[in-house]
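Below is one structure, written out as structure tokens; the observations come after it.
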Amino acid sequence: MKRVHNFSAGPATLPLEVLEQAQEELTEYQDTGRSIMELSHRSAHYEEIDKQAKDRLRSLLGLGDKFEIMFLQGGASSQFMMAPYNFLSKDQTADYIDTGRWSDKAIKEAKIFGNVHVPFSSSEGNYDRVPTQEELNFSDNPRYVHFTSNNTVAGTQFPTEPETNGVPLVCDASSDFLSRPIDVDKYGIIYAGAQKNVGPAGVTVVIIRKDFLEQADTENVPTILRYSTHVEKIFNTPPTFNVYMVNLVLKWIEDKGGLSWFKSFNEEKAQKVYDEIDADDFYRGAVEKESRSLMNATFRLPTEELEARFLEEAVEHDLYSLKGHRSVGGIRASIYNACSMGSVDALVDFMSDFRKRNG
Ligand code: PMP
């Protein structure tokens with residue numbers, strides 16, 4: 008077996024231990040004589056997986072009993088629609104902080120349901136930064152404040168939650184979910200597509216505060232698109248194998264030492280990459296230093312020709328999926344939880360060597 012260094016932005020690298028356990032159990036899950044994929048979602052075995060995954064999320068994030076957890080389909084993109092569908096109407100306003108391609112998509116969806124006020128946008132600077140607290144110009148009485156905690160395409164990340172003086176945050180945490188501790192009390196909803204930090208593509212983790220859920224206005228919302236439907240019970244067939252995988256990843260996160268452990272680990276990895284970028288002016292960070300993401304490090308080389316050569320030679324060193332998002336170009340190294348220190352060291356060594364030969 009040969010595994011490469013995988014810097015894909017998502018679906019992203021998964022812990023080898025998790026893949027191996029899944030491989031071991033693939034054809035026979037526990038004593039069932041069947042794969043987990045072949046078991047009913049109403050079976051005791053699946054119910055136990057669902058419960059374990061939710062218990063683990065509760066404990067890792069410190070959710071207590073104030074939050075409900077759902078495993079939904081439709082990707083994070085469906086949450087762009089589902090959150091305002093449940094919480095925003097024509098006579099109401101929600102504030103949406105615009106820090107990237109995904110925020111912008113969330114804004115477009117929210118506008119279908121109600122008024123959107125944008126308290127800050129970095130679109131004119133090609134989304135090269137997130138706002139400081141002082142720059143956030145909130146509306147008078149927003150229903151909620153939506154933000155994208157990590158901007159996967161640009162490579163920026165909020166260092167901490169924006170302060171909203173009690174207005175619930177609705178957060179697209181797709182690309183930094185469980186990468187560090189967060190202040191859960193500030194959130195009404197946290198949603199994340201699994202395919203970066205917690206599992207394979209096909210399941211979206213949605214966490215909702217109970218007292219916020221009570222304020223939802225869903226009279227005209229189709230049953231399957233109401234959060235309350237999924238909170239009450241497992242409503243329809245969930246992506247069972249994906250939830251099984253998420254549960255294995257959550258166990259792996261716990262075993263490593265939880266979110267504080269990952270915070271330090273992710274900071275150390277990112278520091279190595281950014282130190283290499285900042286060593287001289289051969290590499291150029293694509294965003295402002297204060298806004299840099301610990302998950303997606305984006306940078307440029309002196310010319311596009313050199314960038315193309317960098318990507319070509321990287322593959323020869325088993326360094327894969329380093330091409331920046333098609334809308335921005337350049338290089339992007341996605342170094343989520345499951346990206347090992349060994350992979351980061353291999354990348355940094357290659358960057359250093361490439362600079363010596365081409366700088
Ligand atoms: N939000 C963010 C921050 C993302 O990075 C992505 C996917 N790259 C999405 C939303 C969209 O997720 P999905 O493809 O699961 O709908």
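According to my numbering, the sequence shown is numbered sequentially starting from 8.
Ideal placement from N, C-alpha and C gives every residue a C-beta, glycine not left out.
Keep in mind that this is a model prediction, so the values were computed, not measured.
Could you tell me if the beta carbon of residue i falls within a distance shorter than 8 Å of some heavy atom in ligand 1?
i	result
Lys330	no
Ala208	yes
Lys203	yes
Asp38	no
Ala60	no
Tyr158	Correcting the residue type first, residue 158 is Asn in the shown sequence and not Tyr. Under cutoff, so the answer is yes.
Trp109	yes
Gly349	no
Thr20	no
Ala16	yes
Ala345	no
Thr163	no
Ala83	yes
Ser47	no
Thr155	yes
Thr139	no
Asp179	yes
Ser186	no
Ser129	no
Thr211	yes
Ser182	yes
Residues bridged to residue i by DSSP?
i	result
Asp102	His124, Val152
Ile197	Cys178, Ile214
Asn7	Residue 7 lies beyond the range of the chain shown here (8 to 366); nothing can be said about it.
Asn158	Thr163
Gly292	Phe306
Arg299	Thr163
List the endpoints of the continuous beta strand (DSSP E) containing residue i.
i	result
Thr211	211-216
Ala5	Residue 5 lies beyond the range of the chain shown here (8 to 366); nothing can be said about it.
Phe74	74-79
My understanding is that residue i touches residue j, with C-beta atoms under 8 Å, so please give their C-beta distance in whole angstroms.
i	j	result
Tyr103	Ala113	6 Å
Leu79	Val213	5 Å
Ser182	Thr159	4 Å
Tyr134	Thr163	7 Å
Leu95	Arg150	6 Å
Ser186	Asn204	6 Å
Pro169	Val152	7 Å
Phe14	Leu313	With 8 Å as the limit, Phe14 and Leu313 do not qualify as a contact, their Cβ atoms being about 18 Å apart.
Ser341	Ala16	4 Å
Gly121	Lys97	6 Å
Leu257	Leu67	7 Å
Val355	Glu283	5 Å
Phe242	Ile231	7 Å
Ends of the alpha helix (DSSP H) at residue i?
i	result
Lys341	The amino acid at residue 341 is misidentified as Lys; the sequence shows Ser. Careful: Ser341 lies outside any alpha helix (DSSP H), inside the beta strand (DSSP E) at 338-341.
Phe272	265-285
Ile56	51-68
Tyr234	234-239
Glu31	23-32
Met88	82-94
Arg362	348-365
Excluding the 5 residues flanking residue i on each side, which residues of the same chain have their C-beta closer than 6 Å to its C-beta?
i	result
Ala6	Since the first and last residues shown for the chain are 8 and 366, residue 6 lies out of range.
Asp262	none
Ala199	Ala180, Ser181, Phe184, Val212
Ser110	Thr155
Ile76	Lys61, Leu64, Ile214
Gln86	Tyr198
Gly366	Phe289
Glu116	Phe87, Met88
Pro175	Tyr151, Gly195, Phe219
Ser128	Asp105
Less than 8 Å between C-beta atoms, sequence neighbours within five positions excluded: which residues of the same chain meet that for residue i?
i	result
Val125	Asp102, Tyr103, Ile104, Asp105, Ile114
Ile56	Ile43, Thr247, Val250, Tyr251, Asn254
Leu318	Leu329, Lys330, Ile338
Val335	Asn133, Val160, Ala161, Ala293, Thr305
Go through its chain and collect everything with a Cβ distance to residue i's Cβ below 7 Å, but skip five positions before and after it.
i	result
Asn93	Ala223, Thr225, Val228, Arg233, Tyr234
Tyr197	Note that residue 197 is Ile in the sequence shown here, rather than Tyr. Here the set comprises Cys178, Ala180, Ile214.
Arg291	Phe306, Arg307
Gly2	Limits of the chain in this structure are 8 at one end and 366 at the other, which puts residue 2 out of reach.
Arg333	none
Leu33	Ser42
Gly81	Thr211
Val351	Lys276, Lys279, Val280, Ile342
Answer yes or no: does any C-beta atom of chain C fall closer than 9 Å to that of residue i?
i	result
Gly82	You won't find chain C in this structure, because it holds only one protein chain.
For ligand 2, any of its heavy atoms closer than 8 Å to the Cβ of residue i?
i	result
Gly200	Questions concerning ligand 2 fall outside what the structure shown contains, since the ligands it does hold are ligand 1.
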